[in-house]
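This report refers to the structure that appears directly beneath it.
Protein chains in written order, with this note's numbering: chain R, 806 to 1107; chain A, 210 to 441.
Here it is in structure tokens:
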């Protein structure tokens, strides 16, 4: 099973209330995924030359200020630490790669959930309603957000095995379905230098997308290649800096519903999530066709 | 005391779904004949297993298996329906004013299902006597292993239409992306013209019989072919 939700704001009011609107959508998908939950929010972009990182440590009392102090001394850091349960958001005055390498070397127990200008990823095991409360999801604003509720089928229920998966700077992936050739693909991608933390199939899809982007694919080229190389069934929701894309496998095994009004675009595994949104009953609502990429993008304001 | 003209309104925002369905099942023994269900908000299994000549109107979008296994009832959904609407319908009618998701009227044995909008993939999969009229288009793998009944599509059909079909009559007005194994275009005989005309009228479809093509079984998969014994 698993449940997917996505919400893309078309006006400042929806942006301000993005978390409050996404939380009930995620809650509705609890039955589809009671094992773990996660979200990616795109919000409050870092200034030019800065990188925003979402970090996680299993110890809720982990000393984030010491880590931030270190980053500030080496790279310079703006803003304070924004903590959300056992996650923390830090903005470093540097490109992502050296900061990530620095963290990995000194703090091997700290997991890097996401890196980019605007993305923040939060995810944890447990029921979605507990996740929504613990991480205070309703208080988050943002331009667009993705969410996932997981019913684990092929790998452990862990924080690292929860969705969304980061697939590069400001990029992430959530997935409903399962891939049957992920072991072979993982071996191939390891040879290409992609690293994996879990035995999860979606992490392989995320690694695959990371690899294709590194090879210079556009989103369309990447998905054309994915249709060839990924064996299995899937509905993917792919988050980018400026929007999100929805794609289903060529035989459309897994459900997906799209809805659009003048105020928002919403995606969900089932309509009942979308029904929680204001104006849902008058929204244009449809089922995305198989092997077709549907994308929404904000005009980049930089 | 209720009379035949009374409408029983059930609000799914305040009434548990199981209570509604239980009342619909118990109601076969007497009680209201007309039902109006409001605030479905995408709930699954609304009005499944009804076995009475009720008129049921659902105001809003529903989730999976809406009016599944319907017998005798006339159900109208003013909205879209999720996966498997009218699954295994036995008789009666289901009228959907919006779009239907996958596997609409799958395995249906009788009755009539009308979709004003589009139906997604696997419409009428393994249908066994149900009649389906889709005023929009249908997705891929529709009427897979369809055994009897009729499927009318006023728009276009997706890939692999009628794969491994037995004796269902498929009528498509628009384009067909691809025919499945053993499905071929067939002659629109007088019997078919009458059947198609009757269904278009029943569904209130603004289309003419002459605009349709008929598809059905080439009957090459019916028997084991001894010439191909080595391939099995």
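In this text, a Cβ means the ideal position worked out from N, Cα and C, and glycines have one as well.
Taking Cβ to Cβ, would you say residue 1049 of chain R is nearer than 9 Å to residue 1042 of chain R? The answer is yes: Cβ separation under 9 Å.
Quick one: which residues of the segment 1086-1102 of chain R get their C-beta closer than 8 Å to a C-beta of chain A? List them in chain order. Those residues of the segment 1086-1102 of chain R that come within reach of chain A (Cβ to Cβ, closer than 8 Å) are 1086, 1090, 1091, 1092, 1094, 1095.
Go to residue 224 of chain A, then tell me how far its beta strand (DSSP E) extends in each direction, as first and last residue. Premise fails: residue 224 of chain A is in no beta strand (DSSP E) and is neither H nor E.
Identify every residue that forms a DSSP beta bridge with residue 266 of chain A. Answer by DSSP bridge pairing, in chain order: A:245, A:285.
CA-CA distance, residue 969 of chain R and residue 316 of chain A? Inter-residue distance for residue 969 of chain R and residue 316 of chain A is about 37 Å (C-alpha atoms, whole angstroms).
Which of helix, strand or coil does DSSP assign to residue 1107 of chain R? Residue confidence is low: residue 1107 of chain R scores 37 on pLDDT, short of 50, so the model does not pin down where it sits. No coordinate-derived value is stated.
C-beta neighbour in chain R for residue 292 of chain A, strict 9 Å: Output row for residue 292 of chain A: interface = yes.
Scan the segment 383-434 of chain A and note each continuous beta strand (DSSP E) run of 3 residues or more that stays entirely inside, going in chain order. As summarised for the segment 383-434 of chain A, the continuous beta strand (DSSP E) elements at least 3 residues long and confined to that stretch are 392-395, 422-426, given in chain order.
Please state whether DSSP places residue 981 of chain R in a helix, a strand or coil. Secondary structure of residue 981 of chain R (DSSP, three-state): strand.
Select from the segment 1064-1080 of chain R all residues with a C-beta closer than 8 Å to any C-beta belonging to chain A, and list them in chain order. Residues passing the 8 Å Cβ filter: 1075, 1076, 1077, 1078, 1079, 1080.
What in chain A is Cβ-close to residue 1011 of chain R, meaning under 8 Å? Neighbours of residue 1011 of chain R on chain A: none; closest Cβ ~27 Å, over 8 Å.
From A:225, A:379, A:363, A:430, pick the residue whose C-alpha is nearest to that of residue 415 of chain A; which is it? If we check each option's Cα against that of residue 415 of chain A, A:363 comes out closest.
So with Cβ pairs under 9 Å, would you call residue 982 of chain R a contact of chain A? Cβ-Cβ to chain A under 9 Å: no for residue 982 of chain R.
Consider the Cβ of residue 1062 of chain R: report whether some Cβ of chain A lies at a distance smaller than 9 Å. Yes, contact with chain A.
Is residue 1014 of chain R helix, strand or coil by DSSP? Here residue 1014 of chain R sits in helix by DSSP.
From residue 437 of chain A to residue 372 of chain A, what distance separates their C-alpha atoms? A straight line joining the alpha-carbon of residue 437 of chain A with that of residue 372 of chain A spans about 20 Å.
In whole angstroms, give me the CA-to-CA distance for residue 222 of chain A and residue 833 of chain R. About 14 Å.
Contacts around residue 842 of chain R, its chain only, beta-carbon distance under 6 Å, and the 5 residues preceding and following it disregarded: The residues are 933, 936, 954.
Nonlocal neighbours in the same chain, by C-beta distance under 6 Å from residue 324 of chain A, ignoring five residues either side: Same-chain partners within the cutoff: 305, 309, 343.
Residue 269 of chain A touches chain R at which residues, Cβ-Cβ below 9 Å? In chain order: 1080, 1086.
For a quick check, are the C-beta atoms of residue 335 of chain A and residue 349 of chain A less than 9 Å apart? Against a cut-off of 9 Å, the Cβ pair of residue 349 of chain A and residue 335 of chain A comes out as no contact.
From this set, R:908, R:821, R:817, R:853, which residue's C-alpha is nearest residue 875 of chain R's C-alpha? When only C-alpha atoms are compared, the closest one is R:908.
Could you confirm whether any beta carbon from chain R is found closer than 9 Å to the beta carbon of residue 384 of chain A? Taking Cβ atoms only, chain R never reaches closer than 9 Å to residue 384 of chain A, which makes this a no.
Buried or exposed (CB count within 10 angstroms, at least 16 for buried), residue 812 of chain R: It is buried - the Cβ of residue 812 of chain R has at least 16 other Cβ atoms within 10 Å.
By the three-class DSSP mapping on this structure, what secondary structure does residue 863 of chain R have? Residue state, collapsed to three classes: coil.
For residue 277 of chain A, return the contacting residues in chain R, with the cut-off set at a CB-CB distance below 8 Å. For residue 277 of chain A, there are no C-beta contacts with chain R under 8 Å, since the nearest C-beta of that chain is about 16 Å from it.
Complete alpha helix (DSSP H) runs within the segment 825-887 of chain R (minimum length 4 residues, chain order): Under the rule that a run must span 4 or more residues, the alpha helix (DSSP H) segments found entirely inside the segment 825-887 of chain R read 869-879.
Does DSSP classify residue 369 of chain A as helix, strand or coil? Correct three-state label for residue 369 of chain A: coil.
For residue 260 of chain A, list the residues DSSP reports as bridge partners. Beta-bridge pairing links residue 260 of chain A to A:280.
What does residue 373 of chain A reach in chain R if we use C-beta pairs closer than 8 Å? Here the premise fails: no neighbours, minimum Cβ distance about 16 Å.
Am I right that residue 261 of chain A and residue 226 of chain A are in contact with their C-beta atoms under 8 Å? What's the rounded C-beta distance? About 18 Å; that fails the 8 Å criterion.
Min CB distance residue 1057 of chain R to chain A below 9 Å: Under the Cβ distance rule, residue 1057 of chain R counts among the residues neighbouring chain A, one pair being separated by less than 9 Å.
Does residue 810 of chain R get closer than 9 Å to chain A when you measure Cβ to Cβ? Under the 9 Å criterion on CB atoms, residue 810 of chain R is classed as non-interfacial with respect to chain A.
According to the neighbour-count rule (16 or more other Cβ atoms, all chains shown, within 10 Å of its Cβ), is residue 844 of chain R buried or exposed? Under this definition residue 844 of chain R is a buried residue.
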